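See below for the structure under consideration.
Chains as they are written, first to last, in this note's numbering: chain R, 2 to 343; chain H, 12 to 683.
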């Protein structure tokens, strides 16, 4: 047997200079084929004197491993070189990519999901209710006097209601679902109610006659204004993905006492004042308050036992803020140039 | 409502904060101030007084009281010192009779003689003007001024024009008329409350005065009226006559009946002083049921619990006193609060807590995370399936639209829907009915988009309405000749929703139905699962498309989403992948044109049995080379066993069985 190092070098060179896979096969056969040099040595081991057998065997095996490794490496080189050769030519990587055609979810669907995700993470269940309602659920049970002739001054735009022939009405807020839910479920409870609502108002960039509300209700033994502030702050921060400044102002709703309006610092201008916030730096985002004792009574709960907060906000408004949409009517116009942006 | 800053300042010795600052303080603790505007050397504040606070705050003195409480200032009550003329008694000069004490809760009157009617001093004109009122003469102006100051509407009559020297408060008789101070004539009915003399109406109670007893430059003796009318009566009359005034606005919201006296004394003192009149002795006062202050027991622990902050007893008492609520301690943590009769909005402990919270300041309430039982939210399955469905359709290239819940009368005439719900007060005839189907508005979307976007694939998931009730529907629409793409969409959707065994049933409309049918005859199908109908698939009738000015075809499917979500299932069973090879054999069948693909598939499946893993239709051909009325259908049949490699003998045997089964029908011919 030749000096093994010398042999390694020689075989190594042979492999390196091989031009194609066929030549590589020949080299393989020469050494490791059925009658290859190394194969023969390994086969002949049994005739080798005992004292040399271990040494020769070890060397032959090392050599075998060496050849196999070199050939494998060279094979990959050849294949890779071949591939380059076949596809020769460059690509203009600035040519626009071909996009697969996919559809789009409405921005309000995406906003609704965001609301649901955030509130569910805080233990609120998502509940829905009918869009056709009656006066009891839409007004009376919520402590809004129905038969009072001056009611419109006390229930504000809520009373711009669409009535249906036959006496029912289209809900003007999602609050009826509070009543429906509390009639059937005993506190403690935490729910949000997203849904479509209707108001008999002329449309403009800020008003639609059907739009979306999301209602929230939490009732337990000692739910407080401080709790409301904490839950709401958490929601706002998560929704806008930054710390949002908010403030509560007193207001009047028949179904909550105390009642407040919630303003947030304008997310468009950061509170400096712009056209969205009409220069005030604040935007009115929702109405809220502590559930009025009469509302508890109306669903058969003892107001002495329970405290809760409720809030209601326009989903469209949040979507407009989030996506910087300046006209609410885009949502219901079915214009694909708008919808395909989401 | 607009207020004068200088007027507000006049109630205080101490300087008020600057207008902008005052506006901010009011906004955060009382009412939103929507505008601050400089007017000469004064400022106008536009304050959105909350409707429940109208009784005590539709007045400068009311807002000043609010400022006093917020700023902890001492307020000065306007003077109402009267020097009465001892020689004349008011009740000798005029008689008052109130016929309905539910409609008129109080009627106070005074008589002033020897007045000199003339123009008002400049300061008075300016204050009225900033509040949007025109100056008329000193008497009328003082009545209006006092209303703006106190919130109590007042009226002055020329006593010598009152027939019979008697004022009666009564409901109008049908057909009675009045010429009002605005120059208009109003026809009255028996729901309208009047102030009348022996002969005829002098004023519409609480709303507008009449010409008859108008103050003019010759007026010498006046009767001042300061009354309290039932808000419901005034509101009804005002609506009926379509007449809203500063007085009616205040009465509609309710006013404290105790206010009439101080207000009439105030206006009398002003007139006596400036119009040099002599106030006759005595107040004529009809007040059968005096309103007394209410008392509320307030548990201080409840105050802390509802607000979620520790507010000291001292602070609570201080806030209440600043607002004019007297209170006394009953026992530990319990006080009794006396509510001023002005505060018609306060009747419950919660009302008092709101007062405490807003004056304490909502910004001072520190955020506290609620402590609540850890109950995981309940999964809403309807929303879950809705989300899932929307995602699947989106992935298949459909865009979601939201349309109005209404359709027009014109649209309904096109479709001739039955059992519609009509609106009593639609916004316009474009939105006269609740939508009984999502299709009309989706067609409008196609019509609108077709010029801009070539391929339209849209869907909506929303409520539809019929007399039977509301229901959630899923409707998908695409333009073009794509019936089978729509059908494939349904198959894939159902598959992803875990609903097996969807099939399509032929649908024959009755001749009557077909006239107005939405769908093209014989190019539509009922979508069924087991025996239950879930919806409809088909091409929309060209007659309808024409009405919407849509070019080309539109394919749609319409699914009852309530049923769909009930059938949906998250369970999905894995079918083992056979490790044995599959063999594919093709077969082509020449059949009469009206044979359904399903019929052939069924034959193949039945004859082939378990070893036929799948059958794929890959070609349908109808052409000149074929005999008249025939079509050629070509299928791939995939043979595979789960436990062994099928031998070619085995496969041939089954294949032959399939062929002979297909050829049992003499009209069917398998082309080998």
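Every residue gets a Cβ at the ideal spot worked out from N, C-alpha and C, and that includes glycine. Here the structure is a predicted model, which means the values were calculated and not measured.
Under the DSSP definition of a beta bridge, which residues are partnered with residue i?
| i | result |
| --- | --- |
| residue 643 of chain H | H:601 and H:632 |
| residue 164 of chain R | R:170 |
| residue 166 of chain H | H:236 |
| residue 208 of chain R | R:205 |
| residue 46 of chain H | H:57 |
| residue 219 of chain H | H:215 |
| residue 488 of chain H | H:469 and H:567 |
| residue 214 of chain R | R:196 and R:315 |
| residue 130 of chain R | In DSSP, residue 130 of chain R forms no bridge with anything. |
| residue 680 of chain H | H:601 |
| residue 131 of chain H | Beta-bridge pairing links residue 131 of chain H to no other residue. |
| residue 118 of chain H | H:238 and H:297 |
| residue 535 of chain H | H:549 |
| residue 338 of chain H | H:348 |
Please tell me whether residue i and residue j are closer than 8 angstroms, where the distance is taken between their beta carbons.
| i | j | result |
| --- | --- | --- |
| residue 112 of chain R | residue 323 of chain R | yes |
| residue 551 of chain H | residue 545 of chain H | no |
| residue 297 of chain H | residue 161 of chain H | no |
| residue 56 of chain H | residue 28 of chain H | no |
| residue 379 of chain H | residue 238 of chain R | no |
| residue 333 of chain H | residue 40 of chain H | no |
| residue 209 of chain H | residue 69 of chain H | no |
| residue 67 of chain R | residue 9 of chain R | yes |
| residue 189 of chain R | residue 384 of chain H | yes |
| residue 302 of chain H | residue 269 of chain H | yes |
When DSSP labels each residue in this structure, what does residue i get in the three-state scheme?
| i | result |
| --- | --- |
| residue 254 of chain R | strand |
| residue 102 of chain H | helix |
| residue 231 of chain R | helix |
| residue 549 of chain H | strand |
| residue 139 of chain R | helix |
| residue 557 of chain H | helix |
| residue 335 of chain R | coil |
| residue 411 of chain H | strand |
| residue 259 of chain R | strand |
| residue 510 of chain H | coil |
| residue 153 of chain H | helix |
| residue 30 of chain R | helix |
| residue 543 of chain H | strand |
| residue 23 of chain H | coil |
| residue 2 of chain R | With a pLDDT of only 49 at residue 2 of chain R, under 50, the local geometry of the prediction cannot be trusted, and the value read off the model is given with reservation. Of the three classes helix, strand and coil, the one that applies to residue 2 of chain R here is coil, per DSSP. |
| residue 179 of chain H | strand |
| residue 379 of chain H | coil |
| residue 1 of chain H | Look at the range of chain H in this structure, 12 to 683, and you will see that residue 1 of chain H is not part of it. |
Got a sec? Which residues, its chain only, sit under 6 angstroms from residue i by beta carbon, not counting five neighbours each side?
| i | result |
| --- | --- |
| residue 343 of chain R | 105 and 108 |
| residue 309 of chain R | 219, 220, 224 and 292 |
| residue 79 of chain H | 86 |
| residue 116 of chain R | 215 |
| residue 2 of chain R | Confidence is the limiting factor: at residue 2 of chain R the pLDDT is only 49, short of 50, which leaves the residue's position unreliable, though a coordinate-based value still follows. Excluding sequence neighbours, residue 2 of chain R sits near nothing in its chain. |
| residue 403 of chain H | 504 and 507 |
Residues in its own chain within less than 7 angstroms of residue i by CB, not counting five upstream and five downstream?
| i | result |
| --- | --- |
| residue 686 of chain H | In the structure as shown, chain H starts at 12 and stops at 683, and residue 686 of chain H therefore has no counterpart that could be examined. |
| residue 244 of chain H | 114 and 204 |
| residue 15 of chain R | 28 |
| residue 97 of chain H | 292 |
| residue 247 of chain H | 202 |
| residue 433 of chain H | 443 and 444 |
Under 8 angstroms Cβ to Cβ from residue i, same chain only, skipping five residues before and after it: list those, please.
| i | result |
| --- | --- |
| residue 154 of chain H | 165, 166, 167, 235 and 278 |
| residue 457 of chain H | 467, 469, 488, 490, 559, 561 and 565 |
| residue 325 of chain R | 269 |
| residue 119 of chain H | 236, 237, 238, 271, 272, 275, 294, 295, 296, 297 and 298 |
| residue 510 of chain H | 540, 575, 578, 579 and 580 |
Contained beta strand (DSSP E) runs [length at least 3] in the region 425-466 of chain H, N- to C-terminal order: Counting only runs of 3+ residues, no beta strand (DSSP E) is found wholly inside the region 425-466 of chain H.
3-residue-minimum beta strand (DSSP E) runs that sit fully inside the region 58-120 of chain R, ordered along the chain: For secondary structure counted as the beta strand (DSSP E) over 3 or more consecutive residues, the region 58-120 of chain R holds no complete run.
Segments of 4+ residues assigned as alpha helix (DSSP H) that fall wholly inside the region 288-318 of chain H: Secondary structure remark: continuous alpha helix (DSSP H) runs of at least 4 residues inside the region 288-318 of chain H, in chain order: 311-318.
Entirely enclosed alpha helix (DSSP H) segments - the region 282-308 of chain R, minimum 4 residues: Every alpha helix (DSSP H) stretch that sits fully inside the region 282-308 of chain R and reaches 4 residues is listed by chain position as 294-299.
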